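Chemist: All letters in the sequence shown, in the order written, are residues 5 to 908 by the numbering used here. Think of the CB as a built atom: it goes at the ideal place given N, C-alpha and C, for glycine as much as any other residue. No experiment lies behind these values; they were computed from the predicted model shown. Here it is: the structure, laid out below.
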Amino acid sequence: MIFFGILDRLKAKYIFSGALLLLFLLPVLGMALPGGVQHPATPERQTPPDSTPTQAVQKSRRETRREIRRLQREADRPPTAETRTEEEQDSLFDTRIDSIFGAPPLSPIAPADSTAPTGNDSLLRDSLRQDTTQRDTTRKKSFLDDIISGKNQDSLYYDVRNRTVYIYNQGDINYQNMNLKGDFMRVNMDEKIIYAHGKRDTIDGKPTVTNPTFTEGAANPYTMDTITYNIGSKKAKIKGVATQEGDGWLIGNNVKKMDDNTIHIQDGKYTTCDQTDHPHFYLAMTKAKVIPGKKVVTGPAYLVLEDVPIYFPLLPEGFFPLSSGPKSGLLMPTFGEESTKGFYIRDLGYYFTLGEHMDLAIRGGIYTLGSWEASAVSNYMKRYKYRGTLNFNYSNVRVGDKGEPDFLQQNNFQLYWQHTQDPKANPGSTFSASVDFRTSGYNRYSATSLDEALQTQTSSTISYSKSWLGTPFSLSANMSVSQNSQSGTLSIALPNVVFNVSTFYPFKRKEAMGKQRWYEKISLRYTGKFNNKANAKESEIFTKETLQNMQYGFEHSIPISATYNIFNYINFGPTINYTEKWYFKKQEQVWNPVLNRIDKLDPEYGFYRLYNYNFSLQASTIIYGRYEAKKKTRKIQAIRHTITPTVSFSYAPDFSKQKYGYVKTVQSDTLGNFKTYSPFEGSIFGVPSSGQSMAINASLSQTLEMKVLSKRDTSGMKKIKLIDELRIGQVSYNFLADSMGLSNIPISLRTTVFQNFGININATLDPYGQMNPALRRQYMTQAYYDFSLPWNLGFNYTISYSASPTNNGTTGYQKNITQTLGINGSVTILPKMGVTIQGGYDFQAKELTPASITITRDLHCWQMSFAWVPFGHYQSWSFNIGVKAASLADLKYDKSQSMFDNLY
């Protein structure tokens, strides 16, 4: 018993010692746990005094097993960015990852090395994790030259075993200058291949299929069904591709993209229709090679219209330029027939690119009956400097046979020049030109449109202006030509020069102290003009007679004025105007007793100075009348009436007195009667007025406005103008006139009835009943309606009435009435079909003015039009159907009857 008691005591002692030893060995055992991760030692546990040794041992074993399981879970977790290998880091995308290391749906995740251990062999895992000598000393080369970045909307799954990445829904990959977008993409890291395709979807209840989009560099994006792209070689194999080049589309079923971005297409299409899935027409190409941005070279090709192939004519090969900039090349002609000129070929020519800022297009045409024409058009532009167009047309018209009454042969030309200068090019100076000079027969015999044929008046202007910054000085010069093709007359102003000194105050103190003195408000202004003008027929423009009849001279004008405010409401001011004219010739008149007429002597050349002056006083003010409703609920809340009266007094001496020498007398008939004349009559600036004048002048201007309640306006009020302006005057009465001192009374009314519809009324009343110009009234209305409806209508009505004294034995005056009505409008009769009408009626001649009717049909990528002039000298019609895009503008059909067939 004693022996067993000793054993029991020894057993308890050894068990207790073993438990203590196990607690000290726990940190050592933790060093070899799976995962290769160092863990802190478990702190030594103190056994409570009342616990037995057996309970302490069992508790320590449970904690040990729990710690081992925790460490195993940490070892099974995916590697972090710090422990991931170089190749794994290169293959990852900068994206939101849902299941990158989760269990794959197709294969389990395993390390790239198939011999890598699995399970809970902690020793091997530890040794592999701890052995980082090779990675630290020798860096492995990345399998790509750059980083792949991307994003997606759904999920991204990384198959580590097969080194493949799967991207779902709106994937977007960027690698160097390449971009690929698609709803499904598969990236194989070993083969460096990206495969992408779309997905089936439903939009608004209609089934659809999305397509990947591929872009590389500055090339246009490609839309395709599927693509297999090699990241290393930059080559791709594409199925069902469509890409836009210029204003056309290239479509291919089997396409290969090479590393130099050239594209080889088999069974391709070229079209300008944007419905690439089923184009309305296309050029079917058996094979083609595309050099992006430069050209397309095709093999045998034929036209297909609405899925109907047209094998004739068959194109053995084709060439399409794709460059966005201008290129030199042939300009295709148009063909047709005119009964008076015969068959023709027009607009055949060549286009030249003359550098970056200029081009030139030369065209010509020939007719079988002897007529021919030529033209040259040049456009030029320099950014932030200037831009313009120069156009010259020449035509030789030959109609009929020599010796026949209807034979006609004419040489006509047109010169058109439009030039504008950028305001930033040269601040302070501007240059512009608008020249349209043509012979009188050009519109009638060489015009190619109805608008040109009906145009009878043309004008040309070239102008230059210069202002000096910081000074009151400015200079402007212009040359102008006005032509009338019916009469063949020209009015030429060459040149007109104006020099201005803007308003300045000569008596104003540089350093003002106190109130402004009355003389400091005196202002001066100066205007100097030089004009040179000639009127002549086209055939006489360069004759000596035209040069002798040329009118030229100088005019100087110096107004002196001041403005003062009296009684706080009235603006009052005196004005003195001094004008001086310089002429260099005069022409005297004498009575010829032999022929009993007045003859003009030869011009006398020299320097002749004419001057005149006048004085005036003017007062004006503004009077307001206002009505406001007391109740805020009334529709009309306020009415404002504005009246602006102006009254002035003027005086001018009689410069027709003999002492001035501006007016002389000459015998006018055999009875010895005399009349007055001026040796300077017909001069460009005229002569000073005759007769002394002391007159009072008055004018009255009124406006009427109203405010009404409006729910549409944010302020709750809407302002309406009832009368934009009602003006009476300027009316004057000359106190020194021997009779009829009251001048004519001009009246004008301008109002807006409603939006986009206004009325202007002008009238002149003669208080003494003389109707020369007597009574003039012009009533014009113009309306444009846009109610988001497929039509618009515009019209103008003009009436002119005048009465002049005449000895007709009845009324004593002759009436002249002119009325014209013009109409223009358009209406959309079908969603893609519209009609445009233009015409009018002359009530005096009781006939219709030239009219035109145009019907246009939009055929999506094509357009069809029919134009008809139903009556008159320019009766004609034309039909056209063709492709809208400029690259295929010659793919068209024209048929017409020329308007010139009715002119001869």
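Please classify E524: does DSSP put it in a helix, a strand, or coil?
Modeler: Residue state, collapsed to three classes: helix.
Chemist: Does the pairing of the region 751-767 with the region 729-742 give three or more beta-carbon distances under 8 Å?
Modeler: Yes, the region 751-767 touches the region 729-742.
Chemist: Closer than 8 Å is the cut-off here; do at least three beta carbon pairs connect the region 572-588 with the region 669-682?
Modeler: Cβ pair count under 8 Å is below three, so no.
Chemist: Please state whether DSSP places L373 in a helix, a strand or coil.
Modeler: In this structure, L373 counts as coil in the three-state DSSP scheme.
Chemist: Please report how far the alpha carbon of K519 lies from the alpha carbon of S652, in whole angstroms.
Modeler: So the two alpha carbons sit approximately 28 Å from each other.
Chemist: Using a 10 Å radius around the Cβ and a threshold of 16 neighbouring Cβ atoms, would you call A292 buried or exposed?
Modeler: Classification for A292: buried.
Chemist: Please confirm whether any heavy atom of the ligand ZN lies closer than 6 Å to the CB of T424.
Modeler: The ligand ZN is not part of this structure, which contains no ligands at all.
Chemist: Can you give the Cα-Cα distance for T583 and Y530, rounded to whole angstroms?
Modeler: T583 and Y530: Cα-Cα distance of roughly 10 Å.
Chemist: Strictly under 7 Å for the Cβ-Cβ distance: is C865 near chain C by that measure?
Modeler: Among the chains in the structure shown there is no chain C, since it carries only a single protein chain.
Chemist: When the Cα atoms are used, what is the spatial distance from F417 to E608?
Modeler: If I take the Cα positions, the gap works out to 39 Å.
Chemist: If you draw a straight line from the C-alpha of Q487 to the C-alpha of G844, how long is it?
Modeler: When rounded, the distance between both Cα atoms is 25 Å.
Chemist: Looking only at C-alpha atoms, which of W376, K386, E408, S382 sits nearest to Y398?
Modeler: Closest by alpha carbon: W376.
Chemist: Compute the Euclidean distance between the alpha carbons of R387 and E360, then round it to the nearest angstrom.
Modeler: If I take the Cα positions, the gap works out to 11 Å.
Chemist: Measure the alpha-carbon distance for I910 versus M193 and round it to whole angstroms.
Modeler: Given a span of 5 to 908 for the chain in the structure shown, any question on residue 910 remains unanswerable.
Chemist: Please name the residue in S153, I627, F571 whose C-alpha comes closest to that of S705.
Modeler: The shortest Cα separation from S705 among S153, I627, F571 belongs to I627.
Chemist: Which of helix, strand or coil does DSSP assign to Q552?
Modeler: Three-state DSSP puts Q552 in a helix.
Chemist: Given this structure, state the Cα-to-Cα distance separating F611 from I688, to the nearest angstrom.
Modeler: Roughly 15 Å separates the two Cα atoms.
Chemist: By the three-class DSSP mapping on this structure, what secondary structure does A292 have?
Modeler: Here A292 sits in strand by DSSP.
Chemist: Can you check the region 202-243 for any alpha helix (DSSP H) of at least 4 residues that lies completely inside it and give the ranges in chain order?
Modeler: Correct list: empty.
Chemist: Below 7 Å CB to CB, which residues in the same chain sit around R350 once its five sequence neighbours on both sides are set aside?
Modeler: These residues qualify, in order along the chain: P337, T338, G369.
Chemist: In chain order, what residues of the same chain lie with their CB nearer than 6 Å to the CB of A116, ignoring the 5 residues before and after it?
Modeler: For A116, the predicted model reports a pLDDT of 36, less than 50, meaning its position is unreliable; a value from the coordinates is still stated below. Nothing meets the Cβ criterion.
Chemist: According to the Cβ coordinates, are R402 and G432 closer than 7 Å?
Modeler: Against a cut-off of 7 Å, the Cβ pair of G432 and R402 comes out as no contact.
Chemist: Where does S747 fall in DSSP's three states?
Modeler: Here S747 sits in coil by DSSP.
Chemist: Find the nearest neighbour of L713 within the set I640, P499, T475, judged by alpha-carbon distance.
Modeler: Among I640, P499, T475, the Cα nearest to that of L713 belongs to I640.
Chemist: Expressed to the nearest angstrom, what Euclidean distance is found between the alpha-carbon atoms of P854 and V873?
Modeler: Answer to the nearest angstrom: the Cα atoms are 8 Å apart.
Chemist: Just confirm the distance between the C-beta atoms of S527 and A566, as a whole number of angstroms; I'd bet it's less than 8 Å.
Modeler: Confirmed, Cβ separation roughly 7 Å.
Chemist: Give the secondary structure of S543 by DSSP, where H, G and I count as helix, E and B as strand, and everything else as coil.
Modeler: Correct three-state label for S543: helix.
Chemist: For A787, which residues in the same chain have their Cβ closer than 6 Å to its Cβ, ignoring the five residues on either side in sequence?
Modeler: No answer about A787 holds up, because its pLDDT of 29 lies below 50 and its placement is not dependable.
Chemist: Please state if the CB of L746 and the CB of Y737 are separated by a distance shorter than 7 Å.
Modeler: Cβ distance < 7 Å, so Y737 and L746 count as in contact.
Chemist: Can you look up R165 in the DSSP assignment and give me helix, strand or coil?
Modeler: Coil.
Chemist: Rounded to a whole number of angstroms, what is the C-alpha to C-alpha distance between T302 and H201?
Modeler: Approximately 28 Å, taken between the alpha carbons.
Chemist: Between the alpha carbons of K155 and V259, how many angstroms are there, rounded?
Modeler: Spanning the two alpha carbons is a distance of roughly 27 Å.
Chemist: Would P225 and T217 be called neighbours here (beta carbons separated by less than 7 Å)?
Modeler: Taking 7 Å as the Cβ cut-off, P225 and T217 qualify as a contacting pair.
Chemist: Might you give, ordered along the chain, the residues of its own chain that have their beta carbon closer than 6 Å to the beta carbon of Y897, omitting 5 neighbours on each side?
Modeler: Within the same chain, Y897 has close Cβ partners I885.
Chemist: Following the continuous alpha helix (DSSP H) through R448, name the residue where it begins and the one where it ends.
Modeler: R448 -> alpha helix (DSSP H) spans 446-449.
Chemist: What do you get for E67, buried or exposed, if any count of 16 or more other CB atoms within 10 angstroms of its CB means buried?
Modeler: When all chains shown are included, E67 counts as exposed.
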